[in-house]
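Asks: One structure, as structure tokens, below. Some questions next.
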Amino acid sequence: MVIDARSGSLAHTRVGELAAWLRAGDLVVVNDAATLPASLHGTTPTGTPIELRLAGTTDETHWDAVLFGDGDWRTRTEHRAPPPRVVPGDEIVFGESLRATVVSLSPLSARLVTVRFNEDGAAFWRDLYALGRPVQYAHVRDDLPLWHVQTRYASKPWAMELPSAGRPLRWSLLEALRARKVSLATITHAAGLSATGDDALDAMLPLPERYDIPAETVRAVEATRARGGRVIAIGTSVVRALEGSARANGGVLTAGAGVTDLKLGESSTRGVVDAVFSGMHEPGTSHFALLSAFAPPSLLLDAVSEGTREGYLGHEFGDGCLVLSV
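Numbering (this note's numbering), first residue to last: 16 to 341.
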């Protein structure tokens, strides 16, 4: 669905025809973070089953994580059993060699913890990929293999969950954009968990997430501005990285790594991104709030209603929308 805030109109098309809605001189920015096998099933010191979902890291030594009780992805996240109680110093065991020591509990929720793994470097990554699974979704019929939750241009293993807006972008579409003289650029953003099973914690999402913006992307944005083109973000994670960088640097998009806790909404001002391609998001979610920085909430609600009538699908593997503000 194309949601045009300029005219207040809605239109229906297909993702493969995205190039037709963009102009020569525009810039498309994608998140090239690869999706991690961020779900680890293990046991507490008492032998109780527990699931640990990685939520983010800044140094790949200490990781934030969300804990779940016994069960698996076939039960919706909000209906999962709460985790067994853990305290700092407890060790969670995964397989024969990988263990995580609880360092601290977040004041936001006892389910959000910081852990330190007993391994680092190549040994840690080997065991994480051997023992971990990608975060799974109850609305999907089958258990998802790791390859199924990657974009075609995935690079650094940073994302806790799939940066899902970019998943339907096939190489043929990216080539069609280039043929239309639409430029392409990348950022890396550690897309976090979409749900935790804890209402209070879910209300705080998204949690702070790290990003890395190449100097080439900054130059591409500057060149796009100079020629009167638009910057189109593929996914809300790209918006957060670009706008978060600009806000952290006095309104100037700056190359390099950082961490952003930026939350956008209806009253937010944008300094970098002119349009966003995203999934179909429900009112009340942080993703819907971010889209309201590009279009009036009333128009977005009309889009949700029309999408429901037309059979659009939401969630990670659903349909998409292009929100144009300029």
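Think of the CB as a built atom: it goes at the ideal place given N, C-alpha and C, for glycine as much as any other residue.
Applying the criterion that 16 or more other CB atoms from any shown protein chain within 10 Å of the CB defines a buried residue, is Glu111 buried or exposed?
Replies: Counting Cβ neighbours within 10 Å, Glu111 comes out exposed, since fewer than 16 surround it.
Asks: Buried or exposed: where does Asn264 fall if 16 or more other Cβ atoms within 10 Å of its Cβ makes it buried?
Replies: The residue in question, Asn264, is exposed, as its Cβ has fewer than 16 Cβ neighbours within 10 Å.
Asks: Do the CB positions of Asp135 and Thr63 come within less than 8 Å of each other?
Replies: No.
Asks: Short check: CB of Ala290 to CB of Val233, under 8 Å?
Replies: No, the pair does not count as a contact, with Cβ atoms beyond the cut-off.
Asks: Who pairs with Val267 in a beta bridge, going by DSSP?
Replies: Paired residue(s): none; Val267 is not in a bridge.
Asks: Please report the residue range of the alpha helix (DSSP H) in which Leu143 lies.
Replies: First-last of the alpha helix (DSSP H) with Leu143: 136-146.
Asks: For Ser54, which beta-bridge partners are listed by DSSP?
Replies: Paired residue(s): Arg68, Arg148.
Asks: Relative to the alpha-carbon of Leu306, which residue among Ser320, Glu281, Tyr152 has its alpha-carbon at the smallest distance?
Replies: For Leu306, the nearest C-alpha among the options comes from Glu281.
Asks: Which value, in whole angstroms, describes the spacing of the CA atoms of Asn133 and Glu297?
Replies: Cα to Cα, Asn133 sits roughly 40 Å from Glu297.
Asks: Are the beta-carbon atoms belonging to Glu224 and Gly207 less than 8 Å from one another?
Replies: A contact, by the Cβ cut-off of 8 Å.
Asks: Hey, Ile279 and Ala308: beta-carbon distance below 8 Å or not?
Replies: Sequence inspection shows Leu at residue 279; the Ile mentioned does not correspond to that position. In this structure, Ala308 lies closer than 8 Å to Leu279 by Cβ.
Asks: Any idea if Val164 is buried or exposed, counting beta-carbon neighbours within 10 angstroms, 16 or more meaning buried?
Replies: By the 10 Å Cβ count, Val164 comes out buried.
Asks: Beta carbon of Thr203, beta carbon of Asp47: below 8 Å?
Replies: Yes; because the gap between Cβ atoms is below 8 Å, this pair is in contact.
Asks: Tell me which residues share the same chain as Arg195 and place their Cβ nearer than 7 Å to its Cβ, disregarding the 5 neighbours each side in the sequence.
Replies: These residues qualify, in order along the chain: Ala34, Leu37, Ala39.
Asks: Can you grab the Cα-Cα spacing for the pair Ser313 / Leu55, in whole Å?
Replies: The alpha-carbon atoms of Ser313 and Leu55 are separated by roughly 40 Å.
Asks: Can you tell me whether DSSP reads Leu279 as helix, strand or coil?
Replies: In the structure shown, Leu279 sits in coil (DSSP, three-state: anything other than H, G, I, E or B).
Asks: Name the DSSP beta bridge partners of Glu106, please?
Replies: DSSP lists Thr116 as partners of Glu106.
Asks: How about Pro99 and Gly86: do their beta carbons lie closer than 8 Å?
Replies: No, Cβ-Cβ distance for Pro99 and Gly86 is not below 8 Å.
Asks: With distances taken between CB atoms, is the gap from Ser121 to Pro103 smaller than 8 Å?
Replies: No; because the gap between Cβ atoms is not below 8 Å, this pair is not in contact.
Asks: Given 8 Å as the limit, is there contact between the region 150-157 and the region 21-34, that is, 3 or more CB pairs closer than that?
Replies: No, the region 150-157 is not in contact with the region 21-34.
Asks: Measuring straight from C-alpha to C-alpha, what distance separates Ala241 and Arg148?
Replies: Each residue's Cα considered, the two are about 44 Å apart.
Asks: Threshold first: 3 residues or longer. Then list the beta strand (DSSP E) segments lying entirely within the region 177-232, N to C.
Replies: For the region 177-232, whole beta strand (DSSP E) runs of length 3 or above, ordered along the chain, are 198-204, 224-228.
Asks: Quick one: any contact between the region 209-228 and the region 186-194, if contact means 3 or more CB pairs under 8 Å?
Replies: The answer is no - the region 186-194 does not touch the region 209-228, with fewer than three Cβ pairs under 8 Å.
Asks: Report the rounded CA-to-CA distance for Ser260 versus Pro311, giving the unit in angstroms.
Replies: Each residue's Cα considered, the two are about 24 Å apart.
Asks: What three-state label does DSSP hand Ser252 in the structure shown?
Replies: Reduced to three states, the DSSP call for Ser252 is helix.
Asks: For a test of the three-state rule: what should DSSP assign to Arg11, helix, strand or coil?
Replies: Here the chain comprises residues numbered 16 to 341, so residue 11 is not present and cannot be evaluated.
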